[in-house]
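See structure below.
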């Protein structure tokens, strides 16, 4: 089982989509210390979790892994929702592109996301950010 | 002895309701297992309801709650064409499910689930801890809720519940 390759299959499109925005927005993935967490600047937190990872599939020549991707988009509070929603749209657009990409021949990770739940938005009273949040399930097949 | 076919529709309806009840019980017990546990309050506040109905509050504060069919009355499933949801009615449910940033809540005593320690930065959610030691704790991993929902555990519990609930729909000729 190659969890790192599965992570990379999802993290790379997210990082690329956020880097392509103007201005680019920093993305922090699991277990990477984010020095900007308490600042008022914008950033994206992405959490990739694994659910069932040893599920038996009809064929035995690949690993079949399920999990969840949770994205939290932090933008400055009191400045409207446009920027937050622009970032959400960039990431969900990257997921749609991922879903439309055919499986490459040979070894590798064939990554797909399921339906997206959200986004929901929250502006906590004592925090400096307006937070957009969405999540989706993923299914990855790893071909040796 | 084989049953007359004229009872099939009535029995199937009863079995469908039973299967829905059993599936809800399996799912709610799965959520208890997957979710956090300090006093047990959050674990006891899951409700299976028609969509839009408000849940009640926590049922207990003494350990992890164990759901059974009495928590999911059959009468709740007798209306056809209805969507059902499983929701948590604890006052701090959004925080416990990592849907909103963590808000400090006084808790004394021992947590009923194993705690892991770390640092929780301001703005972070309940489960978002850095490091392996620190003043903050959690008893379930970050984002356990979407992981349970879409990571495969929900569909597994749902399937097991339905299989168990439908187990008695036999005997027709």
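Chains as they are written, first to last, in the numbering used here: chain A, 381 to 524; chain D, 49 to 221.
Don't be surprised by glycine CBs; every beta carbon is placed ideally from N, CA and C.
Contact annotation: residue 161/D and residue 85/D have beta-carbon atoms nearer than 8 Å. Straight-line measurement puts the Cα of residue 59/D at about 44 Å from the Cα of residue 148/D.
Taking one beta carbon from each stretch, the stretch 123-139 of chain D and the stretch 101-110 of chain D have 3 or more pairs nearer than 8 Å; the two touch. The DSSP-derived three-state label of residue 57/D is helix. Excluding its 5 nearest sequence neighbours in each direction, residue 397/A has C-beta neighbours in its own chain below 7 Å: 470, 471, 473 and 474, listed in chain order. With contact defined as three or more Cβ pairs closer than 8 Å, the stretch 111-123 of chain D and the stretch 163-170 of chain D are not in contact. Note on residue 215/D: under 16 other CB atoms within 10 angstroms of its CB, so exposed under the neighbour-count rule. Per DSSP, reduced to three states, the secondary structure at residue 506/A is coil, with no helix or strand assignment. Judged by DSSP in its simplified three-state form, residue 387/A adopts helix.
Cβ-Cβ separation between residue 176/D and residue 190/D: approximately 5 Å, consistent with a contact (criterion under 8 Å).
Contacts with chain A (Cβ-Cβ distance below 9 Å) from the stretch 164-175 of chain D involve 169, 170, 171, 172, 173 and 175, listed in chain order.
Among the residues of chain A, none has a CB under 7 Å from the CB of residue 183/D; the nearest is roughly 16 Å distant. With contacts defined as CB atoms closer than 8 Å, residue 478/A and residue 491/A qualify as a contacting pair. For the 8 Å CB-CB criterion, residue 448/A and residue 517/A form a contact. Your pair residue 83/D and residue 91/D checks out as a contact, with CB atoms roughly 7 Å apart and the cut at 8 Å.
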